[in-house]
Structure formats: structure tokens, C-alpha cells
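Just so we're aligned: the sequence shown equals residues 1 to 402 in full-length UniProt numbering.
Heads up, the beta-carbon is just placed ideally off N, CA and C, and yes, glycines get one too.
Before any comments, here is the structure.
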Amino acid sequence: MVEAADFYLPHECWVSIITFVSDVDDGENNHGRYLKSLSVVSKQFQIITNRLRSSLNLYNGTGPFLDHLFKRFTNLTSLDFRCFRGDLNELLSQISCFRLNLKSLNLSDQPTIPANGLRAFSKNITTVTSLICSNIGSLQCSDFFLILNCFRLLEELDLSYPLEFQYGDPLCCYICNIVEVFSLALSKIRKFNLSGHYYLHDELIFILFKNWRYLEEAILPDNHQITITGIASALSQRPTLRSLSFSSTSGMTHFKKKITSPFMDALVSLKSLTCLDLKSLNISDELLSTISVEGLPLRKLVLQYCTGYSFVGIFHLLSKCKCIQHLDLQSADFLNDQHVVQLSLLLDNLVSINLNECKMVTKSALCALVRNCTSLSEIKMKRIGSKSVENSNSFIVFGVYP
């Protein structure tokens with residue numbers, strides 16, 4: 001008979017195993033699900049998973065259980081309030097009474113920024129470096145001052161897609177001055193997302209890039225007041241940028257913003273650029289060839305709905321940039337099955353690819369991708385030339401186990 005002792009492993013081994021299992025999928029939801037499932041196996045596993053959990057989602061009715069939750073999960077660094085629909089000011093005030101080493105707050109999908117709650121919270125919890133406030137119902141000019149007063153150590157800021165932006169105070173007429181003060185006060189910013197801020201223009205983007213000396217990742221608004229020339233000027237201020245995302249507001253080919261020579265020169269000066277996300281722009285083979293010649297260390301390339309380039313340009317780039325892991329060529333009208341076969345031979349490190357709406361591509365291209373790109377975990381091929389390929393996060397469906 002096999003004794004229980006024969007299955008004994010040191011505590012440290014179980015920690016390593018559970019950490020590995022919970023990290024198999026990068027998805028945040030899966031991570032939490034795996035830890036929750038493992039926690040019911042045994043008391044030992046529960047202790048381990050409690051310590052491994054770093055993020056916590058808060059829902060209505062959470063308030064009375066805060067003490068229990070924070071005693072159980074002792075290594076929390078992130079709180080997510082997206083699903084909370086109660087009095088957020090009150091909840092944040094309650095949380096401020098606990099000694100927490102929090103790094104990240106997600107206040108997205110709330111009607112407003114909870115000003116009183118954040119003031120109380122930030123008096124006692126001063127370690128927050130990441131603030132996400134996406135899809136806020138009404139964002140006010142005064143919220144910028146609230147943020148800079150509460151979170152001076154911010155490195156990541158997401159204020160994307162407010163449903164409404166209210167100037168309120170007459171002082172906000174001087175938006176350039178406000179952006180200047182805001183960007184100087186939050187001098188440690190490495191990553192920002194201001195998508196949907198339609199008041200921004202070239203001068204304001206230039207100010208942000210100039211003042212945020214540690215900036216590594218920028219997601220720019222897609223509005224008509226920000227021009228390709230303006231972006232080129234801003235990029236010249238921040239040659240250490242690692243990630244750039246920008247799109248055109250127009251889906252019509254004749255009105256898409258066209259990439260210019262100054263922009264190309266500024267882009268290829270970003271020698272550490274690993275992510276380039278260009279949507280609905282009029283680019284060119286010259287741009288792609290220039291990137292390949294300069295040898296930018298791209299890991300992610302998004303050309304969704306872009307026009308003006310051909311197979312020659314993308315082939316040239318991918319033949320030089322061997323480290324691409326994520327490739328998005330959605331709606332590349334020129335792309336066909338044979339092109340996909342040739343590209344797949346260049347993509348040894350590819351993890352995900354999006355070929356949605358590539359009308360000349362058929363499901364036959366799937367075979368080449370699965371055969372030649374052995375690290376693939378996601379393929380998107382909807383609305384293609386023949387029947388779409390069902391999305392899957394796991395290649396068990398296709399008999400491939402990356």
C-alpha cells in the first residue's frame with residue numbers, strides 16, 4: 001500500500017508548483033480562478049494560494065468583510081473596483097484604515113472619480129504607482145489636480161474614454177497650463193493612456209512627452225487635432241519610448257492620416273521600441289522597410305485597418321524583425337494564403353496573430369500557421385475568404401500543444 005508520506009513534498013516545492021500552474025495563462029481572470037480552485041484542495045494549499053494572490057476584486061457588500069479579506073490575503077498589491085456599485089467614497093475611506101502596501105487601483109466604469117474617498121485613502125496609503133480610471137461617466141478638470149495631489153508617485157495612468165469631460169472651473173480654459181502643471185507634478189510617469197480625450201492637440205502632446213522624462217509607453221487619443229507632424233515632434237523628445245499606439249479617427253481610405261518622412265525619421269530613432277500599434281492609418285512599404293533596416297526590436301506589431309502597404313513591405317519587415325510575438329494584420333486586403341505561408345516561415349516566436357477580415361485568406365492558411373509557428377496560442381480568422389476559424393486560446397482543438 002502506498003503511504004501518504006510517499007506523496008510528501010516540501011512546502012517550498014508546492015509554492016513553486018502552484019505558482020507555475022497559476023501563471024500558465026496570463027489572463028487575469030484565469031489566474032484568480034486557478035488559485036480559487038486550488039485553495040479548496042487542502043489547508044496547506046489554501047495558505048499558499050492566499051499568500052500568492054496579489055489582486056482583489058471588490059463588489060457590493062464587501063465593506064463588512066474588509067478586515068477578514070485583508071487578513072486572509074496578506075500580499076495584496078492591487079484592488080479592482082470596476083464591479084462595485086455602492087458608495088465608493090465610503091469604501092475607500094474604510095480601506096484607508098488598513099495598513100496595505102498597494103501599488104495599483106482600478107476605478108474604471110464608475111460614474112465619477114471618488115474625490116473624498118481618494119483623499120482619505122491617499123493620506124494613509126502612499127504607495128500607489130498605477131491608477132486606472134477608464135470609462136468614467138463624467139471626468140472633470142479638477143480631477144487632474146486631485147490625482148496629482150493624491151498620487152505623486154504615479155508611474156502608470158489610464159484616464160481613457162471618459163463618457164463626458166467637464167471643464168467646470170473657469171481656470172480650465174487654460175488647458176495648456178493645466179497639462180503643464182499636471183505633467184511636471186507627476187514626473188515619474190512611464191505609461192499613459194489618454195484615449196478619448198478630444199481636447200488634446202499637438203502642443204499638449206508635445207508637453208507631455210517633454211515633461212515625462214521616464215515615459216516608455218504612450219497610447220494617444222484618436223482625434224483630428226493631433227497630427228502626424230505633431231506626433232513626430234513629440235517623439236523627438238522621448239527617444240527612450242518602448243511602446244507607441246496611435247490611430248486615425250476616419251475609417252475611410254481617402255481621409256486616413258498619412259505617414260510622413262518626419263514621422264518615419266522620429267519613429268526609427270526609438271531604438272528600444274518593442275510595440276508599434278498603428279490603426280486605420282495610411283502607411284507605406286517604405287515605412288515598414290525603414291523599420292526593418294534600422295532593426296527595431298519589435299515584439300508586437302499592429303497594422304489593423306491600415307492601408308497603403310503591400311506584402312513586399314510586411315515581408316521585408318518580418319524577415320528582419322525575427323522576434324515578433326504578436327502580429328495584427330486585420331483587414332489586409334492584399335493578403336492571401338500563399339502570403340501567409342511565406343510569412344509563417346519567418347515567425348518562429350509568434351504567439352498570437354489576427355487575420356480577421358483578410359478577404360483573400362482562407363482556412364487553408366491555418367494549417368501553415370499551426371505547422372510553422374509552434375509557439376502560437378491564439379489565431380483570429382473571422383470574416384475571411386471562406387468559413388471563419390473558431391477562436392481558441394488553446395490549440396488542443398488543433399492537436400497542437402505549445
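- Counting along the chain, Ala218 sits inside the beta strand (DSSP E) bounded by residues 217–219.
- Under a 10 Å Cβ-count criterion, Thr126 is classified as exposed, with fewer than 16 other Cβ atoms of the shown protein chains found around its own Cβ.
- DSSP lists Ser352 as the beta-bridge partner residues of Glu378.
- Under the Cβ criterion (8 angstroms, minimum of three pairs), the region 284–298 does not count as touching the region 338–352.
- With respect to the C-alpha of Ser272, the residue from Ile259, Leu278, Glu294, Lys258 having the closest C-alpha is Glu294.
- Going by C-alpha positions, Ile353 is about 14 angstroms away from Cys367.
- Take the alpha-carbon of Cys358 and the one of Leu118: they are about 46 angstroms apart.
- The closest CA to that of Ser247, considering only Pro297, Asn193, Arg238, is found on Asn193.
- Look at Ser55 here: in three-state DSSP terms it is strand.
- By the criterion of a C-beta distance shorter than 6 angstroms, Asp158 is surrounded in its chain by Ile132, Ser134, Asn193, once the five residues flanking it on both sides are discounted.
- Beta-bridge partners of Thr307 (DSSP): Asn282.
- Burial state of Asn282 is buried, judged by a 10 Å Cβ sphere holding 16 or more other Cβ atoms.
- Bridge partners of Leu79 according to DSSP: Leu56, Leu105.
- Between Glu156 and Tyr214, the gap from beta carbon to beta carbon reaches 9 angstroms or more.
- Sixteen is the threshold: since fewer than 16 other Cβ atoms of the shown chains lie within 10 Å of the Cβ of Pro297, the residue is exposed.
- Distance from the CA of Gln166 to the CA of Asp348, rounded to the nearest whole angstrom, comes to 49 angstroms.
- Annotation: Phe81 to Phe65 spans about 15 angstroms, alpha carbon to alpha carbon.
- Taken through DSSP and simplified to helix, strand or coil, Cys275 comes out as strand.
- Following the DSSP letters along the chain, one finds Leu204 inside the alpha helix (DSSP H) bounded by residues 202–211.
- In this structure, DSSP gives Leu327 an extended state, which the three-state scheme calls strand.
- For a cut-off of 8 angstroms, the C-beta gap from Pro162 to Leu139 is around 4 angstroms, short enough to register as a contact.
- For Asp222, no beta strand (DSSP E) run applies, since DSSP gives it neither H nor E.
- When the beta-carbon positions are compared, Ser130 and Ser160 stay at least 9 angstroms from each other.
- Here Glu156 carries a strand assignment [DSSP, helix/strand/coil].
- Phe334 sits in coil when the DSSP states are folded into three classes, being neither helix nor strand.
- As far as DSSP is concerned, Phe84 takes part in no beta bridge.
- Ser55 is not a Cβ neighbour of Leu88, given a cutoff of 9 angstroms.
- In this structure, Leu350 lies away from His316, with their beta-carbon atoms at least 9 angstroms apart.
- Per DSSP, Val179 is not a residue of any beta strand (DSSP E); the alpha helix (DSSP H) it occupies stretches across 175–185.
- Going by DSSP, Val302 is part of the beta strand (DSSP E) stretching over 300–302.
- Each residue's CA atom was taken as its position, placing Asn101 and Pro114 some 20 angstroms apart.
- Residue range 191–193 is occupied by the beta strand (DSSP E) that includes Lys191.
- DSSP places Ser245 within a strand segment (E or B) once states are collapsed to three.
- Contact annotation, Pro239 with Ser269: C-beta distance approximately 5 angstroms; criterion of less than 8 angstroms satisfied.
- With distances taken between CA atoms, Ser236 lies nearest to Phe206 out of Ser344, Phe206, Asn60.
- Only buried fits Val179, as 16 or more other CB atoms lie within 10 angstroms of its CB.
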